[in-house]
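One gets our numbering by counting positions in the sequence shown from 1 and adding 12 to each.
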Amino acid sequence: MSKQEFKGSVVLNPVPVVLITSKNKEGKENVFTVAWTGTICTKPPMLSISIRPERLSYEYIKETLEFTVNLPSSHQVRETDFCGVRSGKDTDKIKEMGFTMKKGTHIDVPYIKECPINIECKVKSIIPLGTHDLFLAEVVGSHINSDLLDEKGKIHFEWANLVNYCHGEYFPMSKKPIGQFGFSVAKNSELIEKYKHIKTFNEYKSDDNKTILPKKKKKKKY
Ligand SMILES: Cc1cc2nc3c(=O)[nH]c(=O)nc-3n(C[C@H](O)[C@H](O)[C@H](O)COP(=O)(O)O)c2cc1C
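This is how it looks when you write it as structure tokens:
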């Protein structure tokens with residue numbers, strides 16, 4: 013397979029898409045959509061979001077240095093898009109989308125009850141990058157729908173039906189894993205058995221019949 017040189021944009025895909033809630037000093041609340049977000053540190057737990065200075069949310073978050081990341085489910089993809097194409101400057105997005113706002117536990121910013129996962133954050137630093145400013149924030153608390161926890165207390169994010177954003181389009185997350193951390197070197201027989209059908213790329217190439225990669229469609233002959 014040949015490669016094409018591609019310059020001028022970040023082709024990192026897919027990424028999560030999230031709803032950020034904020035509240036200014038006068039008590040006004042807002043929500044907007046963010047795709048440039050990521051986990052950046054384990055201890056202390058930290059994440060980042062990149063915001064263009066012209067957003068209303070930029071003003072609110074810079075003022076209070078607090079925000080909440082709300083992870084939407086695929087059933088909230090219309091709301092997610094709407095909050096990313098309308099500004100709180102002229103639309104009350106929280107009201108229009110019918111979101112139920114719950115009081116934050118660790119910060120003075122409410123979270124969206126309907127979103128299955130909510131992450132409360134305190135901004136630690138802001139780095140201007142160019143079009144966007146990078147907000148580095150510490151996670152001070154999280155809320156997770158109890159139906160995402162199994163009897164052992166393990167969180168099943170895959171049950172939340174989360175959304176991936178990929179080159180301008182929204183995709184649902186698959187519920188079926190194709191591997192898990194460390195499975196490629198597992199010694200545990202249960203883990204070996206669970207993923208024995210997942211091969212290396214070179215094995216797939218040499219084993220056409222049992223591949224999980226999409227098969228090439230045969231051209232119809234007329
Ligand atoms: C899928 C999607 C992802 C987005 N990601 C970002 C982002 O990472 N950073 C940003 O500043 N704006 C992003 N936007 C644009 C803002 O959400 C949009 O300008 C919004 O209207 C700003 O709202 P506000 O003025 O109420 O804060 C995104 C929009 C969409 C639809």
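Note that the Cβ used here is the ideal one computed from N, Cα and C, for glycine as well.
Could you check how far apart the C-beta atoms of K310 and L146 are, in whole angstroms? I think they sit under 8 Å.
As displayed, the chain neither begins before 13 nor continues past 234, which places residue 310 out of reach and without an answer.
Reducing DSSP to helix, strand and coil, say where F111 ends up.
Here F111 sits in coil by DSSP.
Output needed for P26: all residues of its chain with C-beta closer than 8 Å, excluding positions within five of it in sequence on either side, in chain order.
Around P26: N176, Y177, C178, F183.
Among residues of its own chain, excluding the 5 on either side of V46, which ones have a beta-carbon nearer than 6 Å to its beta-carbon?
V30, I32, I61, listed in sequence order.
Measure from the alpha carbon of G39 to the alpha carbon of each residue in K115, N130, G50, then state which is nearest.
For the residues K115, N130, G50, the minimum Cα distance to G39 belongs to K115.
Would you mind working out which of I156, G142, E181 sits nearest W171, comparing C-alpha positions?
The option with the nearest alpha carbon to W171 is I156.
Run through the region 144-199 for me and flag every whole beta strand (DSSP E) of 3 or more residues, listed as ranges in chain order.
Runs of the beta strand (DSSP E) inside the region 144-199: 145-156, 175-178, 181-184.
Between the beta-carbon of N42 and the beta-carbon of K134, is there less than 9 Å?
No.
How is E41 classed by DSSP in three states: helix, strand or coil?
Of the three classes helix, strand and coil, the one that applies to E41 here is strand, per DSSP.
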